[in-house]
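Residues in the sequence shown are numbered from 7 upward in steps of one, following the working numbering.
No residue lacks a Cβ here, since even glycine has one placed at the ideal position from N, Cα and C.
All of these numbers come straight from a predicted model, not from anything done at the bench.
What follows is a set of notes on a single structure, which appears directly below.
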Amino acid sequence: MPNYKCKITVLRKYFHEDLYKLYPYGEPAPCGRLEVGQEFITDSEWDPPEGLCTWAWADMRFIIHSMHAGNPIVKIESCTDGLRPVLFKVERIEV
């Protein structure tokens, strides 16, 4: 049986200033933990790679598990921070 890993790439970061003015929490800026173009390779379907936000990992966990199981479909996922969402490309890679 093939062994798969998962590659996670940060595609975009947003900040919804209009909503922040109505419902402020945290910093009034896009996510400061991740940068566009940043890449992560998962060695485990259970533990996030070093440097990846654990909240984003939790949001993508179902997709990560399916990639490690062999799902070949590239997915575009996002974290659930409504004011500062980050978009990710999640893809299976063979080892």
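For I79, the secondary structure class from DSSP, reduced to helix, strand or coil, is coil. Under the three-pair Cβ rule at 8 angstroms, the stretch 83-94 counts as touching the stretch 32-49.
Counted as a single uninterrupted DSSP element, the alpha helix (DSSP H) harbouring Y26 occupies residues E23 to L28.
The shortest CA-to-CA distance from E51 to any of S72, G38 and A35 is the one to S72. Non-local beta-carbon contacts of G76 in its own chain, meaning distances under 8 angstroms to residues more than five positions away in sequence, involve P8, Y10 and R98 in chain order. Around the CB of P30, fewer than 16 other CB atoms lie within 10 Å, so the residue is classed as exposed. A direct Cα-Cα distance of roughly 22 angstroms separates G57 from V80. Excluding five sequence positions before and after R39, the CB atoms of its chain that fall closer than 6 angstroms to its own CB belong to C59, given in chain order. Within the same chain, and ignoring the five residues on either side of V42 in sequence, the residues whose Cβ sits closer than 8 angstroms to its Cβ are V16, L17, R18 and K19.
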